[in-house]
Structures are given as C-alpha cells and as structure tokens.
Amino acid sequence: MDRLEELKAKYSSVLKMVEGQASIRVKNLHVQDNKLFLKASAGSEQVKNSIWDQIKRVDKTYADLMADITVDPSLAPKTPASAAAAAPAAAKTYTVQAGDSLSKISKQFYGNANEYMKIFDANKDQLKDPNMIKPGQVLKIPS
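In structure tokens, the structure reads:
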C-alpha cells in the first residue's frame, strides 16, 4: 500500500465527512513530506471546527497530516432563516376596536407609539388621515 492510500485509510472518517457535505470543497489532497496534505474550504467556522474535531478523534497529534482549511461563506447552505429574510414577511392584520388610535396600535405591536406612521403608510389604500380610523377596519401591520 502506498503512503497516500495508507493515510487516506487512516483518515477515512475525515475524508468521508469532507466529501459528504456540500458546504465543504476539497481543493487538494496529496502526500507531501510523507504527510497527508489536505487543502479545503468550509462554509462556516462551525463546519471548519467540526472537521478539526474529527481529525483529532482520529489522531490527537495528527503528526502525519497537514490540513489547511479556510472559511468560504459562499459554500454555506442557504438556511430557511436567510430565505425568509430574502422574501418579505407576510404582514399581520389588526381589526380596529372602539377607542383605538394608530399610536395605541403601534405601541401594542412595536412597543413605541411613535411608530404609527408605519401602520398608516401600509394602509394608505384605506386611510386618508392617520387620526381617522374606524372600528371594524382591518389594518395591515408591517413588520
């Protein structure tokens, strides 16, 4: 068995981990100075650290391995949170009650009565004046 195959066998769990994730890209894998040389990019610091954790599980000293792992955020998987941030959030609605004002509704939803113009601007199709709302109106509450 040549040295490359020997080292690939030793670090097979690391190589399987690296090859099995879309958020990791191997740039180079070869023997250099009798050590396995792995050059790769990971999608995040967390992914990079998980590779190192696996390397240390195989051999705490990893004396026969040289790993150069950089972080490349473009490899990070698109998460539902980032997909939601890209798409506008659906606006909430609120049905006006007797005694309500846009300031009161604003304080309820935003914690600040002075944010009432957000609600007014989102409802210009049905409101002409921020001081004139009627019970029963269904207002859009933007996030």
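Those letters in the sequence shown? Residues 979 to 1121, by my numbering. Beta carbons: idealized from backbone N, C-alpha and C, even for Gly.
If you reduce the DSSP assignment to three classes, tell me which class residue i lands in.
i	result
glutamine 1130	Here the chain has residues from 979 to 1121 only, and residue 1130 is not among them.
serine 1022	coil
lysine 994	helix
lysine 1038	coil
aspartate 980	coil
Keeping to the same chain, check which residues put their C-beta closer than 7 Å to that of residue i; ignore five residues upstream and five downstream.
i	result
valine 996	Ile1002, Val1004, Ala1018 and Ile1029
lysine 1013	Asp1042, Leu1043 and Met1044
proline 1113	Val1074, Gln1075 and Ala1076
serine 1060	Residue placement at serine 1060 is flagged as unreliable, the pLDDT there being 49, under the threshold of 50; a coordinate-derived value is accordingly withheld.
For the ligand HEM, is there any heavy atom lying closer than 7 Å to the beta carbon of residue i?
i	result
lysine 1013	The model depicted lacks the ligand HEM and carries no ligand whatsoever.
Keeping to the same chain, check which residues put their C-beta closer than 8 Å to that of residue i; ignore five residues upstream and five downstream.
i	result
glutamine 1032	Ser991, Val992 and Met995
phenylalanine 1098	Leu1080, Leu1105 and Pro1108
tyrosine 1040	Ile1033 and Lys1034
Nearest by alpha-carbon distance to residue i: which of the options is it?
i	options	result
arginine 981	Gly998, His1008 and Ala1000	His1008
glutamate 1023	Pro1108, Thr1039 and Thr1048	Thr1048
aspartate 1050	Val1036, Thr1071 and Lys1026	Lys1026
glutamine 1010	Leu985, Gly1021, Gly998 and Lys1034	Leu985
alanine 1020	Glu1093, Ser1052 and Lys1038	Ser1052
phenylalanine 1015	Tyr1088, Lys1085, Gly998 and Tyr989	Tyr989
For residue i, collect the residues of the same chain with a Cβ closer than 6 Å to its Cβ; drop the 5 residues on either side in sequence, then sort them by chain order.
i	result
asparagine 1006	Lys1017
alanine 1062	At alanine 1062, the pLDDT of 49 sits below 50, so the modelled position is not reliable; the number obtained from the coordinates is stated separately. If we look at alanine 1062 and ignore the five residues flanking it on each side, it has no Cβ neighbours.
I think residue i touches residue j, with their Cβ atoms under 8 Å apart; what is that distance to the nearest whole Å?
i	j	result
lysine 1118	asparagine 1101	6 Å
alanine 1000	proline 1055	7 Å
Query raised in the report: What are the start and end residues of each continuous alpha helix (DSSP H) run of 4 or more residues lying completely inside the stretch 1041-1113, in chain order?
Result: 1058-1064, 1080-1088 and 1094-1100
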